[in-house]
Amino acid sequence: MVRKLKVFKIRFPVVNKIGQLLVPHFRILRHVRKGDKIVVESERGLELVEFLGISYEHCPTDPIATFVRKATFRDRERFRRHQNRAKILLKELGSSALEYGMNLKPLAVYIPLDNQRIFFYYTAPQRVDFRKFIRDMSKKYRKRIEMRQVGVRDAVQMKGGIGVCGQEVCCKVFMEKFESVGLHFIQEQNL
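Take this note's numbering: the last position of the sequence shown gets the number 585, and nothing is skipped along the way.
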């Protein structure tokens, strides 16, 4: 008999990705409820994420974040300030990208809690050379700028939308990873 493992699910801000959380000991999360905000360490730095709950799975994927603490009022305030600043930066970086002649569509800007880097998410029809842009923006904002090109499905997951069924798109609501989609499914759904 295959044993199911306890998996802690979280949702990352801005990109709306669902991931798994590494917890040193289960008792740490005994005061955390579904919907609570927690602070985790991920490859992007310290982040404020939403705790989605616990699931039991046969073969869980590797955790992509480590639990740090339950979010405090100060953490939530810092996150809110960073989000407000990110909205302003999205407009500035978007207009700067046009000045540099880059053919891209800005999607989002994200600043983690530790305020070490600025992530700029965009879609583009082809590869974009943004070395000079990053160099100039890094000097201007005194932060490391990371450009992240995302695909069309990831963009829909980030921004959301309404599917042909009339409901919010599945990739924003519950999908953890994208599977290949056959052409006949696309034609069947009139996409």
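Yeah, the Cβ is synthetic: ideal placement off N, Cα and C, and Gly gets one too. All values derive from a computational prediction rather than experimental measurement.
By alpha-carbon distance to Ile539, the top candidate from Phe514, Val522, Ile556 and Val408 is Phe514. Collapsing the DSSP output to three states places Gln477 in a helix. With respect to the C-alpha of Leu507, the residue from Lys534, Arg468 and Arg529 having the closest C-alpha is Arg468. Within the same chain, and ignoring the five residues on either side of Gly439 in sequence, the residues whose Cβ sits closer than 6 Å to its Cβ are Pro506, Asp508 and Gln510.
Here the C-alpha atom of Phe461 lies approximately 36 Å from the C-alpha atom of Ser490.
For the set Arg405, Val409 and Lys481, the Cα lying nearest the Cα of Leu415 is the one of Arg405. Nearest Cα to Glu451 within the set Glu471, Leu423 and Lys403: Lys403. Restricting attention to beta strand (DSSP E) runs no shorter than 3 residues, the stretch 398-477 encloses them at 399-405, 412-416, 431-436, 439-451 and 459-464, ordered along the chain. In the structure shown, Met541 falls within a strand segment according to DSSP collapsed to helix, strand and coil.
For Tyr504, no alpha helix (DSSP H) segment is defined; the enclosing uninterrupted segment is the beta strand (DSSP E) at Lys499 to Tyr504.
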